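Before any comments, here is the structure.
Residue numbers (my numbering), protein chains in the order written: chain A, 143 to 425; chain B, 2 to 96.
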């Protein structure tokens, strides 16, 4: 089922990313409907959009890494359902817009392709049910530092030093972030899943989480192909705070070479020691 | 110190840090505002921002580059860095 959005595009006028963001928004309107929000009006008179934002989920299209549109949404405490970054799309798309301020035919074609990707990318449909592979209850070790109590599973998980975990079952694996990360970042506000079907090498990015305090790219502990993402985090990113090792999993992968990946991973005991040191240094 | 090593390899032996392309950088300082590890520092003169503490950079983190509007920040190749880390670990194991 295709979902309509209230679309907040970048308003940049000094380089092509802004006009292209606008074209993506217009192409989406044509393809699936929805409404476009004017960033300037939203900034000056946000109540004008209250009704619309109550009716439709919000899609933010940022032109470049400065992410003005995202910052505007965050400043007004708007709940963002979906985000797109045009510079990222330019890196992954085979299409190249012209190097002109106003999009030419290639820029328009690129904008249309990005709109189609957004319209078609319905993560809930990509989800495959493999709950049973990862349903065994997890036992935890804990340690206390000041007011913090950090949890690390007793066994069955491996970690990289970027504080991301992997839980393996046969040739499948789930990845996520550790309790140490969620406590440091505090309340999660947004989850951007990796695309299903994406091939990742070990230490490649596999999704992004944002909190009221900061944002973090998940660095995959393993290599493989993303076969499912945890769509419940899109609606409720706070699940990562509540249950980072089980319900807060981020992505599921079909593994490529776990034996080789293992060389650069820590077991539960070693990871517990690592965060003991990190906590002593940072808190 | 946990941050002095990465997977048992001395951090200073791992070539992983941002590089600023000064022909693109507009000194908006978004990367510096974002990075909690004090990798960047402000300076007087033409290059108002420098990578002052490259070994503070978290190995494989590229998040600051994503905050960069003009796309002025680059990082080394990840596969090459992984290969270099594995090589150092093997050499260490042989000693």
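Glycine included, every Cβ here is placed at the ideal spot set by N, Cα and C.
Small disclaimer: the values here were computed from a predicted structure and weren't measured.
Go ahead and label residue i buried or exposed: buried means 16 or more other beta carbons lie within 10 angstroms of its beta carbon, across all protein chains shown.
i	result
residue 23 of chain B	exposed
residue 349 of chain A	buried
residue 270 of chain A	Only weak support is given to the placement of residue 270 of chain A: the predicted model assigns it a pLDDT of 48, under 50, and the value that follows is read from those uncertain coordinates. Exposed.
residue 39 of chain B	exposed
residue 70 of chain B	buried
residue 1 of chain B	Because chain B spans 2 through 96 in this model, residue 1 of chain B falls outside it and cannot be assessed.
residue 74 of chain B	buried
residue 409 of chain A	exposed
residue 242 of chain A	exposed
residue 339 of chain A	exposed
residue 86 of chain B	buried
residue 267 of chain A	No answer about residue 267 of chain A holds up, because its pLDDT of 39 lies below 50 and its placement is not dependable.
residue 149 of chain A	buried
residue 166 of chain A	buried
residue 187 of chain A	exposed
residue 189 of chain A	exposed
residue 212 of chain A	buried
residue 354 of chain A	exposed
residue 291 of chain A	exposed
Looking at the secondary structure, which residues open and close the alpha helix (DSSP H) in which residue i lies?
i	result
residue 252 of chain A	247–262
residue 161 of chain A	159–174
residue 323 of chain A	321–327
residue 418 of chain A	410–424
residue 402 of chain A	400–404
residue 65 of chain B	64–67
residue 32 of chain B	31–35
Taking the continuous beta strand (DSSP E) assigned at residue i, which residues delimit it?
i	result
residue 375 of chain A	Run containing residue 375 of chain A: none in the beta strand (DSSP E); it sits in the alpha helix (DSSP H), 374–377.
residue 50 of chain B	50–52
residue 42 of chain B	41–43
Would you list the residues sitting across from residue i in a DSSP beta bridge?
i	result
residue 295 of chain A	A:282
residue 277 of chain A	In the DSSP output, where bridge partners are listed per residue, residue 277 of chain A has none listed.
residue 177 of chain A	A:148
residue 334 of chain A	A:350
residue 236 of chain A	Partner(s): none; residue 236 of chain A has no beta bridge.
residue 311 of chain A	A:314
residue 228 of chain A	Its beta-bridge partners do not exist; DSSP assigns none.
residue 287 of chain A	A:290
residue 396 of chain A	A:314 and A:367
residue 11 of chain B	B:6
residue 341 of chain A	A:367
residue 300 of chain A	A:308 and A:409
residue 75 of chain B	B:20
Throw me the rounded Cβ distance for the residue i and residue j pair, which I believe falls under 8 Å.
i	j	result
residue 392 of chain A	residue 318 of chain A	5 Å
residue 169 of chain A	residue 236 of chain A	17 Å between Cβ atoms; not a contact.
residue 321 of chain A	residue 293 of chain A	4 Å
residue 315 of chain A	residue 184 of chain A	That pair is no contact at about 41 Å.
residue 52 of chain B	residue 17 of chain B	Their Cβ separation, rounded to whole angstroms, is 11 Å, which puts residue 52 of chain B and residue 17 of chain B out of contact at 8 Å.
residue 160 of chain A	residue 205 of chain A	5 Å
residue 198 of chain A	residue 224 of chain A	Actually they do not touch by this definition, with Cβ atoms about 11 Å apart.
residue 62 of chain B	residue 304 of chain A	7 Å
residue 146 of chain A	residue 176 of chain A	4 Å
Please determine whether the Cβ atom of residue i lies at a distance below 6 Å from any heavy atom of the ligand COA.
i	result
residue 169 of chain A	Absence of the ligand COA from the depicted structure is noted, as is the absence of any ligand whatsoever, leaving it without description.
field: Minimum length 4: unbroken alpha helix (DSSP H) runs contained in the stretch 185–224 of chain A
entry: Considered as a whole, the stretch 185–224 of chain A harbours 192–197 and 210–217 as its complete alpha helix (DSSP H) runs of no fewer than 4 residues, in chain order.
Minimum length 3: unbroken beta strand (DSSP E) runs contained in the stretch 343–394 of chain A: Listed in chain order, they are 347–353, 357–361 and 366–371.
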